[in-house]
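Here's the structure we're looking at; comments come further down.
Protein chains in written order, with the working numbering: chain A, 195 to 477; chain B, 195 to 477.
Written as structure tokens, this is what we have:
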């Protein structure tokens with residue numbers, strides 16, 4: 195069966211990232227339709243809205259079908275204007291803002307970019323005071339403390355991820371830093387590091403901050419094989435030994451841990467956040 | 195004036211990241227209310243929904259006010275159950291799924307985690323076929339090609355960010371990789387590198403992939419001052435010279451560029467994506 199085609203616009207007065215992700219996850223629920231997705235960020239003037247409408251109408255006229263338009267714009271008059279297009283507009287903000295205004299008995303401010311606006315000094319002046327620097331600081335921390343590079347300032351770490359080489363520590367650390375502003379270090383462990391069923395000295399004082407990642411040996415072997423084919427490092431035996439030793443350590447020391455085998459980076463990061471009860475610092 | 199307080203729950207059958215970000219940006223539109231935000235991810239069974247309801251009701255009983263409950267759950271019976279709580283439920287999926295079902299004249303699948311599910315081989319089996327590995331690959335590429343570390347494989351780069359030291363290249367590269375799956379390298383330029391108003395040899399063949407970042411000299415000085423106080427590197431004169439030289443080069447070679455001075459990482463990344471017309475590879 196040939197797939198139906200449909201053009202999807204994401205229109206935002208800001209980055210449009212949230213609308214994009216939400217819209218995409220809604221669309222993945224529909225099979226047998228091929229989506230052409232067009233993202234138009236920073237549509238923040240009436241003139242820009244008008245040229246978007248023209249573009250939407252062109253697609254409607256040429257394809258004979260209404261494009262879907264996911265809109266996330268704060269100013270009511272711009273949302274209103276967009277509904278005059280030939281697209282089928284799904285207004286991600288309008289409805290909820292009205293509902294919240296009712297609940298809070300207060301008008302929304304309709305200012306754009308409040309969640310991450312910064313002023314001329316580079317300081318964030320929203321409620322979310324230092325989100326801007328917090329993200330940069332957290333990313334820098336994750337980079338400096340990647341792969342056990344240094345144990346300096348572990349006292350500032352919110353969490354230290356441990357696990358065998360190639361189990362997903364680095365991307366998870368960076369995701370935790372980037373998305374949540376969590377100060378994350380990571381430290382690779384070999385079976386020799388923990389052969390006496392103890393933590394390396396450098397980690398011992400921070401046991402309460404440790405979070406273990408693990409992975410199925412077969413999957414680990416696949417990943418390592420791509421990196422260093424036919425080496426001891428990527429042998430089935432070595433992968434099995436490392437994973438078994440480390441999982442035994444996690445159990446013995448009661449270190450919380452999860453498997454990354456069938457889990458995406460954002461899922462692992464969310465599980466770490468949930469299990470550690472750390473609070474996200476940025477949105 | 196003392197602020198009103200309100201408890202906000204974010205309930206998701208998956209990571210809840212999207213609901214969290216969308217809900218947060220809606221809430222930032224309301225002043226004078228202090229929000230206590232509680233995120234509960236992976237609420238994916240009826241029993242878990244029931245214990246969430248108990249928790250929501252406890253807050254309602256103790257505070258005398260209905261908490262706001264942002265819900266993003268795909269299964270209709272779980273969404274339905276949640277509305278029986280004493281919270282004010284804002285259902286981020288329900289409404290839009292129904293609307294899309296009407297437009298597409300097709301039932302949604304209501305399967306959880308379609309947008310980033312992976313199977314036992316670590317392969318993504320949704321429409322979004324290799325999103326899982328794409329993100330990891332893009333992050334690894336960004337790390338390997340950070341700060342001009344190597345020019346190997348520049349042919350695989352989607353974009354190469356250039357700019358003076360400390361203008362935001364690294365976090366932007368990582369954000370582009372993590373959020374959009376864009377293969378991003380970055381290369382630091384000093385005023386000596388470009389003193390003859392030419393690109394360094396290693397960059398010359400990739401001019402069409404270059405994207406320039408710039409920053410106000412005053413802000414650059416602040417940032418460098420924190421890193422290496424009272425050095426030539428952080429002097430007002432040096433910062434001014436580097437920025438001026440580089441901006442002249444951008445103009446001369448017609449390299450697209452933006453200022454990072456008052457712009458957050460996600461905004462810079464979005465602008466780069468928009469200006470280069472690159473398509474995001476993951477959601």
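We put the beta carbon where it would ideally sit given N, CA and C, even for glycine. All values reported here derive from a predicted model rather than from experimental measurement.
Determine the contact status of residue i and residue j, defining contact as a CB-CB distance below 8 Å.
i: residue 286 of chain B; j: residue 289 of chain A; result: no
i: residue 211 of chain B; j: residue 460 of chain A; result: yes
i: residue 325 of chain B; j: residue 224 of chain A; result: no
i: residue 355 of chain A; j: residue 407 of chain A; result: yes
i: residue 464 of chain A; j: residue 235 of chain B; result: yes
i: residue 442 of chain A; j: residue 376 of chain A; result: no
i: residue 294 of chain B; j: residue 435 of chain A; result: no
i: residue 262 of chain B; j: residue 247 of chain B; result: no
i: residue 462 of chain A; j: residue 362 of chain A; result: yes
i: residue 381 of chain A; j: residue 397 of chain A; result: yes
In whole angstroms, what separates the C-alpha of residue i from that of residue j?
i: residue 425 of chain B; j: residue 419 of chain B; result: 8 Å
i: residue 265 of chain B; j: residue 205 of chain B; result: 5 Å
i: residue 365 of chain A; j: residue 341 of chain A; result: 11 Å
i: residue 445 of chain A; j: residue 410 of chain A; result: 16 Å
i: residue 414 of chain B; j: residue 360 of chain B; result: 7 Å
i: residue 473 of chain A; j: residue 429 of chain B; result: 38 Å
i: residue 432 of chain A; j: residue 421 of chain A; result: 15 Å
i: residue 453 of chain A; j: residue 466 of chain A; result: 11 Å
i: residue 279 of chain B; j: residue 202 of chain B; result: 13 Å
i: residue 253 of chain A; j: residue 374 of chain B; result: 25 Å
i: residue 351 of chain B; j: residue 379 of chain A; result: 27 Å
i: residue 395 of chain A; j: residue 337 of chain A; result: 22 Å
i: residue 214 of chain A; j: residue 383 of chain B; result: 34 Å
i: residue 391 of chain B; j: residue 339 of chain B; result: 24 Å
i: residue 297 of chain A; j: residue 230 of chain B; result: 16 Å
i: residue 191 of chain A; j: residue 450 of chain A; result: In the structure displayed, chain A extends from 195 to 477; residue 191 of chain A sits before or after that span and is not available.
i: residue 218 of chain B; j: residue 299 of chain A; result: 18 Å
i: residue 335 of chain A; j: residue 329 of chain A; result: 10 Å
i: residue 282 of chain B; j: residue 200 of chain B; result: 11 Å
i: residue 393 of chain B; j: residue 455 of chain A; result: 44 Å
i: residue 245 of chain B; j: residue 385 of chain A; result: 40 Å
i: residue 222 of chain A; j: residue 249 of chain B; result: 31 Å
i: residue 423 of chain A; j: residue 260 of chain B; result: 58 Å
Quick one: is residue i buried, meaning 16 or more other Cβ sit within 10 Å of its Cβ, or exposed?
i: residue 292 of chain A; result: exposed
i: residue 372 of chain A; result: buried
i: residue 402 of chain A; result: exposed
i: residue 240 of chain B; result: exposed
i: residue 256 of chain A; result: exposed
i: residue 349 of chain B; result: exposed
i: residue 448 of chain B; result: exposed
i: residue 399 of chain B; result: exposed
i: residue 344 of chain B; result: exposed
i: residue 258 of chain A; result: exposed
i: residue 322 of chain B; result: No answer about residue 322 of chain B holds up, because its pLDDT of 42 lies below 50 and its placement is not dependable.
i: residue 347 of chain B; result: exposed
Per DSSP, what are the beta-bridge partners of residue i in this structure?
i: residue 203 of chain A; result: A:232 and A:263
i: residue 355 of chain B; result: B:380 and B:405
i: residue 452 of chain A; result: A:407
i: residue 284 of chain B; result: B:264
i: residue 227 of chain A; result: A:198
Just to confirm my understanding: we take residue i, look at its own chain, exclude 5 residues before and 5 after, and list those with CB closer than 7 Å. What are they?
i: residue 470 of chain B; result: 353 and 405
i: residue 243 of chain A; result: 237, 272, 275 and 276
i: residue 417 of chain A; result: 360
i: residue 251 of chain B; result: 279 and 280
i: residue 437 of chain A; result: 358, 408, 409, 411 and 414
i: residue 216 of chain B; result: 286
i: residue 388 of chain A; result: 439, 440 and 443
i: residue 427 of chain B; result: 418
Ordered along the chain, which non-local residues of its own chain (more than five positions away) have a Cβ less than 6 Å from that of residue i?
i: residue 314 of chain A; result: Summary for residue 314 of chain A: the model assigns pLDDT 35, below 50, so the residue's position carries little reliability, and this model does not support an answer.
i: residue 209 of chain A; result: 235
i: residue 267 of chain B; result: 207 and 273
Among residues of its own chain, excluding the 5 on either side of residue i, which ones have a beta-carbon nearer than 8 Å to its beta-carbon?
i: residue 198 of chain B; result: 226, 227 and 228
i: residue 316 of chain A; result: Residue placement at residue 316 of chain A is flagged as unreliable, the pLDDT there being 37, under the threshold of 50; the coordinate-derived value follows with that caveat. Closer than 8 Å at Cβ, skipping near neighbours: 326 and 327.
i: residue 468 of chain A; result: none
Examine the ligand NAP and report whether any of its heavy atoms sits within less than 7 Å of the Cβ of residue i.
i: residue 412 of chain A; result: Ligands displayed in this structure: none; no statement on the ligand NAP is therefore possible.
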